[in-house]
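Novice:
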Amino acid sequence: MTIQRICCIGAGYVGGPTMAVIADRCPEIEVTVVDINQARIDAWNDADLSRLPVYEPGLDAVVGRARGRNLTFSTAVEATVASADMVFISVNTPTKTKGLGAGQASDLRWVEACARTVAKAATGHTIVVEKSTLPVRTAAAIKTILEAAQEDDQQRCFSVLSNPEFLAEGTAIRDLEAPDRVLIGGEDAASIEALAAVYSHWVDEAKILRTNLWSSELSKLTANAFLAQRISSINSVAALCEATGADVREVARAIGTDSRIGPKFLNAGPGFGGSCFQKDILNLVYLCRHFGLPEVADYWESVVALNTWQQHRIAQLVVQKLFGTVTGKRLAIFGFAFKADTNDTREAPAIRICGDLLEEGAQLAIHDPKVEPAQMARDLKQEAAAAADVLSGTGSWALAESVEEAVSGADAVLILTEWNVYRNLNWAELAGRMRKPAWLFDARAVADPAVVRAAGLTLWRVGDGED
Ligand code: NAD
Ligand code: UDX
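With this note's numbering, letter number 266 in the sequence shown gets 457, and the count goes up by one each step, no holes.
Structure below.
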């Protein structure tokens, strides 16, 4: 079985870059990415490659090579499904906000809608691939919907595979082009091999793992839970370092050189953000409770609780160090994205930390190299202020176009995202624009402490007990 036409439903952070790389590496396969969001499809088709809807280093070059050749972006969902022999489902699976499992379970309405679209429109033999991150056993529901369609029309048949995506934002193209592994779960060997053959265009055979459906679905949730757990673990140690005179970077190096632990994902910070970690752990917690494993659920839930605590802790210590009040004080926020090299703010630590400081009446001047002010307004649930209303005691925020503008008249700077531009700032010059005594709260530990102190700033660094 050779795949000739791929359809991907969902032109988001995952669908767009993943299909662009498949099209780039497999010129003989027609790849079409479809979405119900016309504006998103228009942006993917923008002649100006700097205006793609997802910002990822290297993505413009990949799209530039494949688009118009064998990569198409379209809103013609049913027609594209009808002509495809493989359909990826790469739609959003956010946490449910109401009803059964609200706050924890995944909202599967968009996945089910895709399954029904495939059931209605597909022709001949169609391999349906779960690319979205899904609760274990979702494939059973998709299969049930597809089997009902098959009974209506014997000309059609389906097989379902799980092929979760492990890319991280900001490094999506690198992760897709040189993945640690590709995971394919399924029951039908021929379909598994058809998908493996797509990846084998550029991925070593040894890195293509084949499992059963449920192991594949569960591995995705587990991988994210393990990664997030490391961050909560190091952040818990950071707080202890601050209390005891230890330095979390020294501790991380000391433990990370143990080959059983390894050095990666041990950077203490303002807590993890992003669209995946919290959502996927809460989903895991929900599943554990559903399967009668409350102790396992509590164990994983504590990873999220520690993360939330770390974010509130940082906002609280800023208030405490600034003489117990930030009402009417100008604070410069450096970085709003959940990590560097992305314009994504989903679950960004900056949202909770800025929210707490606004609640305390602070006037925030927010700088980020990529995040749009309209996104900040949505996340902070308030419009940018035309001018700071210092006397009212109500917090407000404004966009700063430059770091210099952000710090002017500020009592403190908070670094919340590790953008490269914040690593080697001229702190002497910036300090000269601030109100004294001035502080730097470096939640990402990116600034050079010696330079910051020489500039006359008082420094707090995450996990640094020396300060
Ligand atoms: P996204 O919100 O960026 O994109 C999803 C897209 O699907 C949207 O454009 C939406 O309009 C479209 N869509 C929804 N229902 C549709 C339908 N019925 N027909 C056509 N289009 C439809 O989401 P994302 O970040 O790309 O994530 C997709 C999945 O991948 C999620 O399950 C997520 O957990 C998982 N994932 C995300 C990442 C990441 O870094 N963002 C990494 C790995 C896995
Ligand atoms: C994550 C997983 O890494 C990826 O495999 C999965 O497919 C999607 O979820 P992503 O959320 O894009 O990817 O970014 P990641 O690099 O994992 O960072 C997540 C959060 O953890 C960020 O807020 C980041 O700043 C934070 N982080 C990461 C730390 O605080 N310390 C670290 O050592 C690593």
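C-beta atoms are modelled at their ideal positions from N, C-alpha and C, and glycine is treated no differently.
1) Flag this pair as yes or no: are the beta carbons of Val-319 and Leu-337 separated by less than 8 angstroms?
2) Quick one, which of Ala-257, Tyr-246, Gly-201 has its alpha-carbon nearest Arg-216's?
3) Between Ile-364 and ligand 1, is the CB less than 7 angstroms from at least one heavy atom?
4) Mark Pro-628 as exposed unless 16 or more other C-beta atoms lie within 10 angstroms of its C-beta, in which case mark it buried.
5) Would you check if the distance between the CB atom of Leu-205 and the CB atom of Leu-374 is smaller than 8 angstroms?
6) By Cβ distance below 7 angstroms, which residues in the same chain neighbour His-392 in space, the five residues on each side in sequence not counted?
7) Reducing DSSP to helix, strand and coil, say where Ser-350 ends up.
8) Under the DSSP definition of a beta bridge, which residues are partnered with Met-625?
9) Using the beta-carbon count (16 or more within 10 Å), is Ala-597 buried or exposed?
10) Report yes or no: do the segment 545 to 557 and the segment 514 to 521 share at least 3 C-beta pairs separated by less than 8 angstroms?
11) Taking the C-alpha atoms as reference points, what is the distance between Asp-276 and Ile-227?
12) Between Leu-475, Asn-403, Ser-350, Leu-431, which has its C-alpha nearest Gln-295's C-alpha?
13) Quick one: what's got a C-beta closer than 7 angstroms to Arg-421's C-beta in the same chain, skipping five residues either side?
14) Between Arg-347 and the rest of its own chain, which residues show a CB-CB distance below 8 angstroms, the 5 nearest in sequence each way excluded?
15) Could you please go through the chain and list the residues whose beta-carbon is closer than 5 angstroms to any non-hydrogen atom of ligand 3?
16) Measuring only the C-alpha atoms, how far is Val-581 from Glu-595?
17) Within the continuous beta strand (DSSP E) that includes Pro-521, where are the two ends?
18) To which residues does DSSP link Gly-377 through a beta bridge?
19) Just to confirm the assignment: which complete alpha helix (DSSP H) runs, minimum length 4, are found wholly within the segment 268 to 297?
20) Going along the chain, which unbroken runs of the beta strand (DSSP E) with 3 or more residues stay wholly within the segment 531 to 612?
21) Leaving aside the five residues before and after Phe-279 along the sequence, list all residues of the same chain whose C-beta is less than 6 angstroms from its C-beta, in chain order.
22) For Leu-631, which residues in the same chain have their Cβ closer than 6 angstroms to its Cβ, ignoring the five residues on either side in sequence?
23) Does Leu-291 pass the burial test, meaning 16 or more other C-beta atoms within 10 Å, or should it be called exposed?
24) Quick check: what's the CA-CA separation for Gly-515 versus Ser-587?
25) Pick from Gly-526, Ser-599, Ala-576: whose alpha carbon is nearest that of Ile-606?
26) If you measure between the beta carbons of Pro-355 and Ser-410, is that distance less than 8 angstroms?
27) Please tell me whether, using a cut-off of 7 angstroms, the distance from the CB of Ala-381 to the nearest non-hydrogen atom of ligand 1 is below it.
28) Given that a residue counts as buried once 16 or more other Cβ atoms are within 10 Å of its Cβ, and exposed if not, what is Asn-498?
29) Among Lys-334, Arg-480, Pro-564, Glu-219, which residue has its Cα nearest to the Cα of Arg-260?
30) What whole-angstrom Cβ distance do Gly-662 and Gly-656 have, given they're in contact under 8 angstroms?
31) Out of Asp-366, Leu-418, Leu-404, Leu-412, which one is the CA nearest neighbour of Lys-398?
32) Quick check on the DSSP output: what are the complete alpha helix (DSSP H) runs of length 4 or more inside the segment 402 to 475, in order along the chain?
33) Compute the minimum distance between the beta carbon of Lys-322 and the heavy atoms of ligand 1, and state whether it is under 7 angstroms.
34) Within the chosen definition, does the segment 554 to 568 reach the segment 633 to 641 through at least 3 CB pairs nearer than 8 angstroms?
Specialist: The structure says:
1) Going by C-beta atoms, Val-319 is nearer than 8 angstroms to Leu-337.
2) The residue with the shortest Cα to Cα distance from Arg-216 is Ala-257.
3) Relative to ligand 1, Ile-364 has its C-beta separated by 7 angstroms or more from all heavy atoms.
4) Pro-628 should be labelled exposed.
5) Reading off the sequence shown, one finds Val at residue 205, where the question assumed Leu. No, they are not a contact pair.
6) Short of 7 angstroms from the beta carbon of His-392, and not among the five residues preceding or following it, lie these beta carbons of its own chain, in chain order: Arg-216, Cys-217.
7) In the structure shown, Ser-350 sits in a strand (DSSP, three-state: E or B).
8) Paired residue(s): none; Met-625 is not in a bridge.
9) The residue is buried, with at least 16 neighbouring Cβ atoms inside 10 Å.
10) Touching, per the Cβ criterion.
11) Distance between the alpha carbons of Asp-276 and Ile-227 is about 20 angstroms.
12) For the options Leu-475, Asn-403, Ser-350, Leu-431, the alpha carbon positioned closest to that of Gln-295 is the one of Leu-475.
13) The beta carbon of Arg-421 lies closer than 7 angstroms to those of Phe-456, Leu-457 in the same chain, with the five residues before and after it left out.
14) Once the five neighbours on either side are set aside, the close Cβ partners of Arg-347 are Ala-313, Thr-314, Gly-315, His-316, Thr-317, Ala-340, Gln-341.
15) Although ligand 3 was asked about, the structure shown includes only ligand 1 and ligand 2 as ligands.
16) Reliability of the predicted coordinates at Val-581 is poor, the pLDDT of 49 falling under 50, and no value is obtained from them.
17) Note on residue identity: the sequence assigns Arg, not Pro, to residue 521. Start and end: 521 to 525.
18) Bridge partners of Gly-377: Leu-352.
19) If we require 4 residues or more, the alpha helix (DSSP H) runs fully inside the segment 268 to 297 come out as 268 to 274.
20) Taken in chain order, the whole beta strand (DSSP E) runs of length 3 or more contained in the segment 531 to 612 are 554 to 558, 587 to 590, 603 to 606.
21) Within the same chain, and ignoring the five residues on either side of Phe-279 in sequence, the residues whose Cβ sits closer than 6 angstroms to its Cβ are Cys-199, Val-320, Lys-322.
22) Closer than 6 angstroms at Cβ, skipping near neighbours: Val-604, Val-643, Leu-648, Leu-650.
23) Exposed, by the Cβ-count rule.
24) In this structure, the straight-line span from the alpha carbon of Gly-515 to that of Ser-587 is close to 18 angstroms.
25) Taking only the C-alpha atoms, the option nearest Ile-606 is Gly-526.
26) Going by C-beta atoms, Pro-355 is nearer than 8 angstroms to Ser-410.
27) Every heavy atom of ligand 1 is 7 angstroms or more from the Cβ of Ala-381, so no.
28) That one is buried.
29) If we check each option's Cα against that of Arg-260, Glu-219 comes out closest.
30) The structure shown does not extend to residue 662, since the chain spans only 192 to 658, so no value can be given for it.
31) For Lys-398, the nearest C-alpha among the options comes from Asp-366.
32) Within the segment 402 to 475, complete alpha helix (DSSP H) segments of at least 4 residues are found at 404 to 435, 439 to 447, given in chain order.
33) The answer is yes for Lys-322.
34) The answer is no - the segment 633 to 641 does not touch the segment 554 to 568, with fewer than three Cβ pairs under 8 angstroms.
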